[in-house]
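> Structure provided below as structure tokens; questions to follow.
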Amino acid sequence: MSQQVLEPSSLLLKPADRPKRLKRGYVFLHVSYPKLVKKAVKAKLHRLVREDQVARRNGHRVQAGAFAVPKDDVEDRVITDPEVNQLLDPVKLPRPRFAYVPRMRALTAPRGGKLLFSKRDARHYFHCLRIGKKWGRWLCGPPVRDTNGSPLFPAAQAAPMGFGPSAGWAQAVADKITLDAELPHASRVHPDQIIPDELPVWGSIVDDIWALEHVGDRGEADVGPVWMNRAEAAWERDGVESNVKKKIDGQAGQEVQGYYVRATGHWIGTSHDKRRQLMQASIEILMSPKVLVGDVDRLVGKHGFAHSARAPLRSIFEEVYPWLHEARDNVVRVRALPDAVWLEIFWSTMLLPYAQFDISSPWTTRVECTDSSMTGLGRAWTTMPETVVRHMARLADCPGVRLPLLWEILFLVILGATRQAGAGRSRIEDFLLTSLQPSTQLRYQEALQILNNDLDATGTVLADLPEEEQDWLLAEWILEGYENSKSRGGYGLALSALSKINPRVRYKVAWKVFDVWGKKAPPAQAPAAPPELITAMIVAALLLQRPELSLVMMLCFAGLLRVREALSLCYKDVVVGINCVTLCLSATKGGLEQKVVLTNTSTVNWVLSYLAKFPGKRNDEARIFSTGYGSVLRWVKKLSQLFGVMDVPLSTHSFRRSGASELSRLGVPLADILAYGRWLSERAARE
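This note's numbering puts the first residue of the sequence shown at 4, with every later residue one more than the last.
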């Protein structure tokens, strides 16, 4: 694809296969056109070239037209209409493969709680996609005159919207960004892979990256904003600016790719307002004795998009499409609607309220098979466990996945073999994983799945090998990851997960190889900050009317808490003693209940002052802090910018690391720091 960006010859048709005459692009020049060209040249989107530098076909210049479509109340979107699109090889043309939201009907979300949406949008994405200089001669707009009256043609320097391969190139860049951001592949909504079984999920479409997750009634998003911040950082590293106005973090009632996500009802489809407007437009068309064919064409397109959220509705238009095809061929602008077409549009309009799907609705255990005959004779049904039905639905909804007809093979596909290849887990191992937090379980399962896929490719069953051979095999696997420049974090998660589900195995060689990898390519760690800076940030948060944020940072620094541990504290978890405060941590990284005793006078007074201001009289089970992880991270970045320390990439973990560093500076033994910070090993503390 990189060759296509640089060399037109890699994408254009061979000269003998090119059409002799090209359809002219849409061109209607306003008197302000020279000003538009001047601005585009100044923004380096175009450069001016002479007439002899413009591509020609059979003696005629190959130019580009353009038109605008309304984007919002104050801005239009410019769509280029280049003639060169007719000269592109359709076989070589890159096609964008992006998330298809209706496929989410096969996943399941718990009933209750709410769905929260997060999103990042690249600002002027197509302005950033630079193309090779050789493409400029094929993408020249109408000429302007220089001071001498000679024509100069604006040649594109960035991939314009409307140019054939632009969308495919843009989607490839987005895929590269999500790969750099290490967004979990198993949670992606993509047409080429099986839909995830549950939330959270994420997807991308050209210049948008989004995430959807499920939280409790009073919960806040803690996964989507983190994923989106990583994607935004990857964009910035590649020189793409994020659109701040379209930034969404854990909000309810948002649209994703034109589909509205109802936060509490858990249904997905076009919004009620859009469906109401579509019903009004449909009734207007149906009441007219004669209609414009173009209006009906657009109306049917809107109905088709609404039908995509309810697959059975797509069978309504049996007569509409042939009628539209025949009207286009005869170039008839105004016609009366035939009765059959009228009835199909009418019934589609009446059924619009059903154009949605509920991802929390219970699954039926009745499974039917049919040969689709009109008589219905070739039909059979049975009942299956809900887990089997859900898995079958996910497999059947994925193109390219073939469900075998032999029941023995199908049964193994659905339920899995008695012993899976790779890192297949037993009941005991699955039970041990449940002791961890749900987010940690998800990360461990993703890492084990990657290991399983790699071992499955070689037909290796890890459980069949002796422990020593397992150790050496994993060491070789990690070494291959290092040699292939892969992300080190995933390998560490896989080793940690294996150690968790099989406590008697130590994997000494594998861990040693992993440690050497870290020394050769040290991971990006949250840096420690001097206590003066931490104190200034805590005080600044209080002065900015953010007492919750101030106390969270204080507890993480003085108590060596993780941010999620601090945010999970309830009022009943804080026990006030004589000159001390005890924090009972019920939600730790290891899943075990632990206690932290704060004895520093300033810290104790700070906690007591906060509890006096916000006593939580209604319910001791209530959370002390109503803010979320994403909000804390954003404020840490803002405070870093406020104090001019953006060159130090502070994160939420910096407070815990800074507290440990300060204890070490004061001469506290490492063993005591590990015990106070609840680190299981020195390796865990250093990483």
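Here a beta-carbon is modelled for each residue, glycine too, at the ideal position from N, C-alpha and C.
Does DSSP put Thr386 in a helix, in a strand, or in coil?
Sequence index remark: in the sequence shown, residue 386 carries index 383 (1-based). Thr386 falls in the strand class under three-state DSSP.
> Apart from the five residues on each side of it in sequence, which residues of its chain come closer than 8 angstroms, Cβ to Cβ, to Gly116?
Working through the sequence shown from its first residue, we reach residue 116 at position 113. Hits under 8 angstroms: His217, Val218, Gly219, Asp220 and Gly222.
> Name the two residues that bound the continuous alpha helix (DSSP H) containing Thr367.
What you label residue 367 is simply residue 364 of the sequence shown in a count that begins at 1. From DSSP, Thr367 is part of no alpha helix (DSSP H); its letter is neither H nor E.
> Check whether the segment 359-367 and the segment 270-285 are in contact - that is, three or more C-beta pairs closer than 8 angstroms.
Result yes; three or more Cβ-Cβ pairs closer than 8 angstroms.
> Leaving out the 5 sequence neighbours to the left and right, which residues in its chain are closer than 8 angstroms to Met387 when beta-carbon positions are compared?
On the sequence shown, residue 387 is found 384 positions in, with the first residue counted as 1. Cβ neighbours of Met387 beyond the five flanking positions: Thr368, Val370 and Met395.
> Given a cut-off of 7 angstroms, decide if Ile504 and Leu435 are closer than it, judged by their beta-carbon atoms.
Locating residue 435 in the sequence shown gives position 432, counting from the first residue. Locating residue 504 in the sequence shown gives position 501, counting from the first residue. Yes, the Cβ-Cβ distance between Leu435 and Ile504 is below 7 angstroms.
> Which partner residues of Lys598 appear in the DSSP bridge assignment?
Here residue 598 corresponds to residue number 595 of the sequence shown, with the count starting at 1. Per DSSP, Cys587.
> Residues in its own chain within less than 7 angstroms of Thr385 by CB, not counting five upstream and five downstream?
Within the sequence shown, numbered from 1, the residue matching residue 385 stands at position 382. Val370, listed in sequence order.
> Put Pro258 into one of helix, strand or coil per three-state DSSP.
For the purposes of this step, residue 258 is taken as the residue at position 255 of the sequence shown. For the sequence presented, residue 258 should be read as Glu rather than Pro. Three-state result, Glu258: strand.
> Rounded to the nearest angstrom, how far is the Cβ of Gln597 from that of Arg660, given a contact under 8 angstroms?
On the sequence shown, position 594 is the one that residue 597 refers to. On the sequence shown, position 657 is the one that residue 660 refers to. Not a contact, Cβ separation roughly 19 angstroms.
> So who's on the other strand from Tyr263, going by DSSP bridges?
One-based indexing of the sequence shown puts residue 263 at position 260. Tyr263 is bridged to Glu258 and Gly272.
> Kindly provide the ranges of any beta strand (DSSP E) runs that are 3 or more residues long and lie completely inside the segment 75-155, ordered along the chain.
Taking only runs of at least 3 residues, the beta strand (DSSP E) segments lying wholly in the segment 75-155 are 79-85 and 117-124.
> With distances taken Cα to Cα, identify the nearest neighbour of Pro145 among Arg549, Gly662, Arg53 and Asp210.
By one-based count along the sequence shown, residue 145 stands at place 142. The candidate whose alpha carbon is nearest that of Pro145 is Arg53.
> I'd like the list of long-range same chain contacts for Pro11, defined as Cβ closer than 7 angstroms, with 5 residues on each side in sequence excluded.
Position 8 of the sequence shown holds residue 11. Within the same chain, Pro11 has close Cβ partners Lys137, Trp138 and Trp141.
> Does DSSP put Phe320 in a helix, a strand or coil?
Within the sequence shown, residue 320 is the residue found at index 317, counting from 1. Coil at Phe320, not helix or strand.
> Of the residues Cys401, Thr437 and Thr630, which one's Cα is nearest the Cα of Arg108?
Working through the sequence shown from its first residue, we reach residue 108 at position 105. Nearest C-alpha to Arg108: Cys401.
> In whole angstroms, what separates the C-alpha of Ala674 from that of Ser664?
Translated into positions along the sequence shown, residue 674 becomes position 671. Translated into positions along the sequence shown, residue 664 becomes position 661. Rounded to the nearest angstrom, the two C-alpha atoms are 13 angstroms apart.
> Please name the residue or residues paired with Ser207 in a DSSP beta bridge.
As a first step, residue 207 is located in the sequence shown; it is residue number 204 there, counting from the start. Paired residues: Ile212.
> How many Å lie between Ile319 and His310 at the Cα?
Along the sequence shown, read from residue 1 onward, the residue named residue 319 stands at position 316. Along the sequence shown, read from residue 1 onward, the residue named residue 310 stands at position 307. So the alpha carbons of these two residues sit roughly 9 angstroms apart.
> Could you name the residues of the same chain whose beta carbon sits closer than 7 angstroms to that of Ile412, not counting the 5 residues immediately before and after it, in chain order?
The count along the sequence shown starts at 1 and reaches residue 412 at position 409. Annotation note: pLDDT 46 at Ile412 (below 50); position unreliable, coordinate value reported separately. Counting only Cβ-Cβ distances below 7 angstroms, and skipping sequence neighbours, we find nothing.
> Got a sec? Which residues, its chain only, sit under 7 angstroms from Gly495 by beta carbon, not counting five neighbours each side?
If you number the sequence shown from 1, residue 495 lands on position 492. Cβ within range, chain order: Phe517.
> For the structure I just gave you, are there three or more beta carbon pairs, one from the segment 19-38 and one from the segment 79-90, closer than 8 angstroms?
Verdict: yes, contact present.
> Given 8 angstroms as the limit, is there contact between the segment 188-206 and the segment 98-108, that is, 3 or more CB pairs closer than that?
Flag = yes, the segment 188-206 and the segment 98-108 touch.
> Any chance the segment 56-64 sits against the segment 112-131, with 3 or more Cβ pairs inside 8 angstroms?
The segment 56-64 is not in contact with the segment 112-131.
> Can you tell me whether DSSP reads Arg338 as helix, strand or coil?
Sequence index remark: in the sequence shown, residue 338 carries index 335 (1-based). Correct three-state label for Arg338: strand.
> So, are the CB atoms of Gly206 and Pro228 less than 7 angstroms apart?
Locating residue 206 in the sequence shown gives position 203, where the first residue counts as 1. Locating residue 228 in the sequence shown gives position 225, where the first residue counts as 1. Taking 7 angstroms as the Cβ cut-off, Gly206 and Pro228 do not qualify as a contacting pair.
> Tell me the rounded alpha-carbon separation between Glu483 and Asn603.
Counting from one through the sequence shown, the residue named residue 483 turns up at place 480. Counting from one through the sequence shown, the residue named residue 603 turns up at place 600. Near 48 angstroms, if we compare the C-alpha coordinates of Asn603 and Glu483.
> Can the beta-carbon of Val584 be found closer than 7 angstroms to that of Leu601?
Here the question's residue 584 lines up with position 581 in the sequence shown. Here the question's residue 601 lines up with position 598 in the sequence shown. Yes. Within cutoff.
> Pull up the CB-CB distance for Ala343 and Val296, whole angstroms please, since I reckon it's below 8 angstroms.
Here the question's residue 343 lines up with position 340 in the sequence shown. Here the question's residue 296 lines up with position 293 in the sequence shown. Not really, about 16 angstroms apart at Cβ, beyond 8 angstroms.
> Identify every residue that forms a DSSP beta bridge with Arg565.
Taking the first residue of the sequence shown as position 1, residue 565 is located at position 562. None; Arg565 has no bridge partner.
> Exposed or buried, Cys372, counting other C-beta atoms within 10 Å across all chains shown (16 or more means buried)?
Here residue 372 is taken as the residue at index 369 of the sequence shown, counted from 1. Cys372 is exposed by the Cβ-count criterion.
> Determine the DSSP secondary structure at Ser553, reduced to helix, strand or coil.
If you number the sequence shown from 1, residue 553 lands on position 550. Helix.
> Pick out whichever of Leu16, Ala159, Pro18 and Leu15 has its Cα sitting closest to the Cα of Val44.
As a first step, residue 44 is located in the sequence shown; it is residue number 41 there, counting from the start. Looking at the Cα atoms, Ala159 is the closest of the given residues.
> Quick check: what's the CA-CA separation for Arg301 versus Leu501?
Working through the sequence shown from its first residue, we reach residue 301 at position 298. Working through the sequence shown from its first residue, we reach residue 501 at position 498. Roughly 56 angstroms between the two C-alpha positions.
> On the CB-based measure, 16 or more other CB atoms within 10 Å of its CB, does Gln2 come out buried or exposed?
No statement about residue 2 is possible, as the shown extent of the chain runs from 4 to 690 and does not include it.
> Would you grab the beta carbon distance between Phe646 and Leu536 for me? Rounded to a whole angstrom, and I think it's under 8 angstroms.
Reading the sequence shown from its first residue, position 643 is the one you call residue 646. Reading the sequence shown from its first residue, position 533 is the one you call residue 536. Indeed they touch by this definition, with Cβ atoms about 7 angstroms apart.
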